[in-house]
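**Q**
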Amino acid sequence: FFFQAEDGIRDYKVTGVQTCALPISTWSVAPRTPVVSGLRALRQSFASSYTDKAENFGVPVTVPAKARFSIFVRIDPKEPPQTLLLELNTTKGVRRALWGNAEKMGGGTVGSPERLRVGDIPTDGAWNRLEVTGEQWQLTGGESVRGITLGQFGGVVDWDRLAVAGELSPADDPRVSFR
609 FFFQAEDGIR DYKVTGVQTC ALPISTWSVA PRTPVVSGLR ALRQSFASSY TDKAENFGVP
669 VTVPAKARFS IFVRIDPKEP PQTLLLELNT TKGVRRALWG NAEKMGGGTV GSPERLRVGD
729 IPTDGAWNRL EVTGEQWQLT GGESVRGITL GQFGGVVDWD RLAVAGELSP ADDPRVSFR
């Protein structure tokens with residue numbers, strides 16, 4: 609099983625949360641700007657805490673067994689963020705993966721699935737793949753994803769190719785057997 613939110617992620621209902629009236633999220637468009645896949649990547653640039661949220665997907669996203677969630681990021685080495693956030697709103701509650709300073713964003717107890725610090729922020733200016741497993745988030749498979757949030761605290765970040773991969777058996781799951 610593989611699901612990928614690509615260039616159309618902002619075509620879903622997207623809500624940006626910010627504290628000023630300037631446009632914070634823009635598209636970095638290929639070939640002028642290198643992207644991982646597709647034609648564009650989401651660029652966030654902000655001095656404080658900022659998130660983009662996509663929800664109300666036309667097709668429900670079911671978490672597969674042995675899930676691996678990944679996203680590619682490119683950090684501006686001259687303006688690195690203090691924190692990166694990948695958040696899922698699932699039928700088991702909110703799950704947050706944080707890179708960098710986990711105290712800067714999100715709720716819940718640091719170290720719990722609601723506020724899991726996964727690692728450091730890559731700062732080399734290249735595209736880097738960040739990953740969190742369903743096991744780290746205590747998602748065993750079968751849960752539904754209702755929304756996805758990408759966020760940062762400070763800096764300039766390009767986001768591309770959000771994906772989930774894992775094992776899904778249509779014969780065992782009626783939610784996906786009729787697609």
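Just so you know, we're using the working numbering here: the sequence shown kicks off at 609 and counts up by one.
No residue lacks a Cβ here, since even glycine has one placed at the ideal position from N, Cα and C.
Run through DSSP, which three-state label would alanine 779 get?
**A** As a position in the sequence shown, residue 779 is number 171, starting the count at 1. Coil, per DSSP.
**Q** Pull up the distance between the alpha-carbon of glycine 708 and that of phenylalanine 680, whole angstroms please.
**A** As a working mapping, residue 708 is identified with position 100 in the sequence shown. As a working mapping, residue 680 is identified with position 72 in the sequence shown. Computed Cα separation, rounded: 15 Å.
**Q** Skipping 5 residues on each side, what residues in its chain have a beta carbon closer than 8 Å to that of valine 702?
**A** By 1-based counting over the sequence shown, the position of residue 702 is 94. Result list for valine 702: Glu695, Leu696, Gly715, Gly716, Glu722, in chain order.
**Q** Looking at the unbroken beta strand (DSSP E) that takes in glutamate 739, where does it start and where does it end?
**A** Indexing the sequence shown from 1 puts residue 739 at position 131. Its beta strand (DSSP E) spans residues 735-741.
**Q** Starting from the Cα of valine 765, find the closest Cα among Ala655, Gly742, Gly646, Leu647 and give me that residue.
**A** Here the question's residue 765 lines up with position 157 in the sequence shown. It is Ala655 whose Cα lies nearest to the Cα of valine 765.
**Q** Starting from leucine 696, follow the beta strand (DSSP E) in both directions and report where the run begins and ends.
**A** By one-based count along the sequence shown, residue 696 stands at place 88. Where leucine 696 is concerned, the enclosing beta strand (DSSP E) stretches over 691-698.
**Q** Does the separation of the CB atoms of leucine 758 and valine 740 fall below 8 Å?
**A** One-based indexing of the sequence shown puts residue 758 at position 150. One-based indexing of the sequence shown puts residue 740 at position 132. No, Cβ-Cβ distance for leucine 758 and valine 740 is not below 8 Å.
**Q** Can you tell me whether proline 685 is buried or exposed? The criterion is at least 16 other CB atoms within 10 Å of its CB, across all chains shown.
**A** The sequence position of residue 685 within the sequence shown is 77, counting from 1. It is exposed - the Cβ of proline 685 has fewer than 16 other Cβ atoms within 10 Å.
**Q** Please list the terminal residues of the continuous beta strand (DSSP E) segment that includes phenylalanine 677.
**A** Position 69 of the sequence shown, counted from the first residue, corresponds to residue 677. From DSSP, the beta strand (DSSP E) with phenylalanine 677 extends over 673-683.
**Q** Buried or exposed, going by whether 16 or more other CB atoms sit within 10 Å of the CB of aspartate 768?
**A** Here the question's residue 768 lines up with position 160 in the sequence shown. Flag for aspartate 768 reads buried.
**Q** Helix, strand or coil for alanine 655? Go by DSSP, reduced to three states.
**A** What you label residue 655 is simply residue 47 of the sequence shown in a count that begins at 1. Of the three classes helix, strand and coil, the one that applies to alanine 655 here is coil, per DSSP.
**Q** Check whether the Cβ atoms of lysine 700 and glutamate 775 sit closer than 8 Å, and answer yes or no.
**A** Taking the first residue of the sequence shown as position 1, residue 700 is located at position 92. Taking the first residue of the sequence shown as position 1, residue 775 is located at position 167. Not a contact, by the Cβ cut-off of 8 Å.
**Q** So the beta strand (DSSP E) threonine 702 belongs to, where does it begin and stop?
**A** Translated into the one-based positions of the sequence shown, residue 702 becomes position 94. This sequence places valine at residue 702; threonine is not what is there. Element bounds for valine 702: 701-708.
**Q** With DSSP run on the structure shown, which of helix, strand or coil describes serine 752?
**A** Sequence index remark: in the sequence shown, residue 752 carries index 144 (1-based). Serine 752 falls in the strand class under three-state DSSP.
**Q** Using a 10 Å radius around the Cβ and a threshold of 16 neighbouring Cβ atoms, would you call arginine 651 buried or exposed?
**A** To locate residue 651, count along the sequence shown from 1; it is residue 43. It is buried - the Cβ of arginine 651 has at least 16 other Cβ atoms within 10 Å.
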